[in-house]
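Report on the structure given below.
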Amino acid sequence: MDILTLELLDVTVFQALLELRGLLADHPGEAMRIRGEDDLLRVNVTGFLEKQGRTVRPVRQGGQWELQVAQAVRPIPMASPMAPVPRPVLLLRGAFAPGDRALGRRLLLETLSHLEPGTPWLCLAHQAVELLDDPGAVAILEGLRARGIPVHVSVASLAHGGQADAGFDLVPDEGWQKLLARGGVTVL
368 MDILTLELLD
378 VTVFQALLEL
388 RGLLADHPGE
398 AMRIRGEDDL
408 LRVNVTGFLE
418 KQGRTVRPVR
428 QGGQWELQVA
438 QAVRPIPMAS
448 PMAPVPRPVL
458 LLRGAFAPGD
468 RALGRRLLLE
478 TLSHLEPGTP
488 WLCLAHQAVE
498 LLDDPGAVAI
508 LEGLRARGIP
518 VHVSVASLAH
528 GGQADAGFDL
538 VPDEGWQKLL
548 ARGGVTVL
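According to the numbering used here, the sequence shown is numbered sequentially starting from 368.
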């Protein structure tokens with residue numbers, strides 16, 4: 368079996384590293400040899416390979432050099448896509464707006480019923496506390512709580528509207544406001 372060979376003659380360091388990167392991507396973990404003349408190029412290529420975790424043995428052949436790159440000891444792990452972690456949800460309205468309010472309410476409640484398991488919490492604030500007066504909405508919120516998604520209600524929003532908490536957890540507003548300020552919540 369022939370060993371993979373890369374000749375780096377009359378190229379810049381940048382060009383050499385681009386060619387090498389492409390070769391490593393096309394043939395991950397394979398043994399190879401790299402030949403060239405420029406010592407600065409040899410130093411840069413050796414450093415690049417060692418950063419990739421590859422074992423390099425330089426061999427001098429007159430005015431040229433050869434880098435013998437051993438086969439990777441373990442296969443190069445491929446990046447596995449990570450599933451996104453669900454973020455907390457902050458609900459600020461009792462219906463999607465603008466448009467028909469009844470349709471906006473229905474679509475909002477349907478969206479809530481599709482929250483992913485593992486969602487850290489749902490918080491009702493601002494105009495969303497009006498959902499606590501709707502028995503159908505309360506049933507959906509109780510269903511979320513039964514699925515393990517805590518349902519919180521903003522203390523300031525309830526106090527402003529003079530409403531009851533409908534049995535959900537009251538939370539100080541500072542916590543969700545800090546998360547909102549740094550983009551750490553999904554806002555509906």
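Every residue, glycine too, gets a C-beta built ideally from N, C-alpha and C.
Remember, predicted model here, so these are calculated numbers, not experimental data.
Exposure label - residue i; buried when at least 16 CB within 10 Å
i      : result
Ile443 : Residue placement at Ile443 is flagged as unreliable, the pLDDT there being 48, under the threshold of 50; a coordinate-derived value is accordingly withheld.
Leu407 : exposed
Ala526 : exposed
His519 : buried
Gly550 : exposed
Arg424 : exposed
Arg427 : exposed
Gly389 : exposed
Ser480 : exposed
Leu558 : What is shown of the chain runs 368 to 555, which leaves residue 558 out entirely.
Bridge partner(s) assigned by DSSP for residue i
i      : result
Ile401 : Leu373, Leu434
Gln428 : Gln431
Thr553 : Val456
Pro412 : One point to set straight first is that residue 412 is Val, not Pro, in the sequence displayed. Its beta-bridge partners do not exist; DSSP assigns none.
Val423 : Val436
Which listed residue (the options) has its alpha carbon closest to that of residue i
i      : options                        : result
His493 : Pro465, Phe381, Leu458         : Leu458
Pro395 : Gln419, Leu385, Glu404, Val410 : Gln419
Ile401 : Gly542, Leu498, Pro453, Leu376 : Leu376
Leu482 : Arg454, Leu373, Leu470         : Arg454
Val496 : Gly534, Arg427, Val412         : Gly534
Asn411 : Glu386, Val380, Trp488, Val426 : Val380
Met399 : Arg409, Asp405, Leu387         : Leu387
Leu574 : Thr372, Ala392, Asp393, Val554 : There is no way to answer for residue 574, as the model of the chain reaches only from 368 to 555.
Gly414 : Ala383, Ala392, Glu397         : Ala383
Val552 : Leu371, Ile507, Leu537, Leu489 : Leu489
Leu328 : Arg460, Gln428, Pro484, Thr486 : Lying outside 368 to 555, the shown extent of the chain, residue 328 is not represented and no answer is given.
Ser538 : Gly403, Ala548, Pro517         : Strictly speaking, residue 538 in this sequence is Val, with Ser absent from that position. The residue with the shortest Cα to Cα distance from Val538 is Pro517.
Glu477 : Asp501, Leu390, Ile507         : Ile507
Arg473 : Leu373, Asp393, Asp501, Arg421 : Asp501
Ala504 : Gly471, Gly515, Thr422         : Gly471
Val378 : Glu404, Val522, Ala392         : Glu404
Val522 : Glu374, Glu509, Ala513, Trp543 : Trp543
Gly528 : Leu491, Arg512, Ala513         : Leu491
Pro451 : Ala462, Pro484, Arg514, Gly429 : Pro484
Ile370 : Arg514, Ala462, Gln438, Asp536 : Gln438
Pro487 : Arg421, Gly515, Ala462         : Gly515
Asp536 : Leu547, Ala392, Arg512, Arg409 : Arg512
Completely contained alpha helix (DSSP H) runs for the segment 496 to 547, where each covers 4 or more residues: 502 to 513, 522 to 528
Runs of beta strand (DSSP E) wholly within the segment 449 to 499 (minimum 3 residues, chain order): 456 to 458, 489 to 491, all fully within the segment 449 to 499.
Okay, do the segment 458 to 478 and the segment 417 to 435 touch, 3+ Cβ pairs below 8 Å being the bar? no
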